[in-house]
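*Asks:* Encoded as C-alpha cells, here's the structure I'll be asking about.
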Amino acid sequence: MTTAGRVAPGEAERVSRPRTALVLRHDSTIGLGNLAPTLEAHGYEIVTVDAPSTDVSGLDALAPDLVVVLGGEEGAYETDLYPYLADEIELLRTRIDAEAPIFGVCLGAQLLAKTLGARAYKGERKEVGWLTVEPTEAGADSPVRHFAGVPTVQWHGDTFDLPAGVERLAGSAQYENQAFARGDWLLAVQFHPEVDDAIHEDWLAAWGDELPEYGLTAEQLRAQRAEYGPPMQAASARLLGEYLEGLARRSESAA
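As C-alpha cells, then:
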C-alpha cells in the first residue's frame, strides 16, 4: 500500500524487482508455448535452462519466484541414463521443503511425483491425441476446472502413482492421475496445456510416425487442433493465470 505518494517500507524492492520464472526444458520442441504470454502478462521474467546441457546442480533452487518443469522423452525413473534428472529432483526437493512455487507439465509432473516419494513408471500404452480430462471434486475447485470438457493434447507413455500429501485434481479414461496439487504453491499436470500451433507441428514432424499405432493420422490431429486449439489455449491461460494469481495473493499475505 502507498500513502501520500510514498512507498511503504519493503515495497519498493517488491515493485522494482521483476518476478522470475525458471523454466527447465528438456527438448527444444517441448517449450513454453502458450504458457509464456500468461507468465509475461503476470509480470514474470522468463529464464529458460536446457537441462541436458546445463549444470542444474549449480542453480540456486530458491532464487526464482517460480520453477516450471516441462516435458521430455526421458522417464523420471531414468536418472542413471540422464543424470541431470537427478539434479532436477534435488532442486525440486529443496523447493518443496521451502514450499516454493513449482508448476510441472508431463515429465515435470512425473518428476514432482518422484520427488514427493511416489513411483514414476512406464504405462501400459501411450496416451496420444486431443483428449479430455475429468476434474475430481477437488479439481472442480482448482485451476484445473477450466479444462472440464475441453480436449487437450496428450502425448505420453509414462505415468506415476499419486504421492502422499497431495490432492488429485483430474484423471482421464486411460490414466487416473492427470493433475495434482499441494497447497496453493505446487501444481502438476500430465496433459499438455502449453501446446500451441508451432509445438503441435513440431511434434507431428518428430513423432508423427507413431500415430497409426493409435488409429490416428497427422491430418486428423490437424483438424482437431483447428477445432479444439482455441478453446484449449483459452483454458490454458485461465488455468495458469488463476494459479499465478494465487501465488501473488500468497506472496502478499506473507509480506
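Following numbering that gives the first Met the number 0, the numbering of the sequence shown begins with 0 at its first residue and continues without gaps. Positions of the beta carbon are idealized from the N, C-alpha and C atoms, including for glycine. This one's a predicted model, so the numbers in the text were calculated from it and none came from an experiment.
(1) Scan the segment 152-215 and note each continuous beta strand (DSSP E) run of 3 residues or more that stays entirely inside, going in chain order.
(2) Quick one, are the C-beta atoms of P51 and T19 less than 8 Å apart?
(3) Measuring straight from C-alpha to C-alpha, what distance separates D86 and V55?
(4) Going by beta carbon distance, what residues of the same chain come within less than 8 Å of A247, once the five residues before and after it are set aside?
(5) Indicate the three-state DSSP secondary structure (helix, strand or coil) for L21 in the structure shown.
(6) Let me check understanding here. Comparing Cα to Cα, which of P162, S252, W154 and R167 lies closest to V143?
(7) On the CB-based measure, 16 or more other CB atoms within 10 Å of its CB, does K113 come out buried or exposed?
(8) Just curious, the beta strand (DSSP E) that L84 is in, first and last residue?
(9) Should T216 be labelled buried (16 or more other beta-carbon atoms within 10 Å of its own) or exposed?
(10) From V46 to P134, what does the alpha carbon distance come to, in whole angstroms?
(11) Pairing CB atoms from the segment 125-141 with CB atoms from the segment 159-176, are three or more of them under 8 Å?
(12) Thinking C-alpha only, which one of R181, D196, G156 and A163 is nearest G138?
(13) Report the residue ranges of all beta strand (DSSP E) runs contained in full by the segment 88-146; include only those spanning at least 3 residues, in chain order.
(14) Does the segment 88-99 come close enough to the segment 221-230 to have 3 or more Cβ pairs within less than 8 Å?
(15) Going by other Cβ atoms of all chains shown within 10 Å of its Cβ, with 16 needed for buried, is E12 buried or exposed?
(16) Name the one or two DSSP bridge partners that E77 has.
(17) Say whether the segment 238-253 touches the segment 201-214, bearing in mind that this needs 3 or more beta-carbon pairs closer than 8 Å, one atom from each stretch.
(18) Inspect the beta-carbon positions of F190 and V165 and report whether they are closer than 8 Å.
(19) Suppose you measure from the CA of G245 to the CA of V68; what does that come to, to the nearest Å?
(20) Who pairs with V55 in a beta bridge, going by DSSP?
*Replies:* If we stick to the structure as given:
(1) 166-170, 178-181 and 185-188
(2) no
(3) 6 Å
(4) H41
(5) strand
(6) R167
(7) buried
(8) L84 -> not in any beta strand (DSSP E); alpha helix (DSSP H) instead, spanning P82 to D96.
(9) exposed
(10) 31 Å
(11) yes
(12) R181
(13) 101-104 and 119-130
(14) no
(15) With a pLDDT of 43 at E12, under the threshold of 50, the predicted position of this residue should be treated as unreliable, though the coordinate-derived value follows. E12 comes out exposed.
(16) Bridge partners of E77: none, in fact.
(17) no
(18) no
(19) 19 Å
(20) Per DSSP, none; premise fails for V55.
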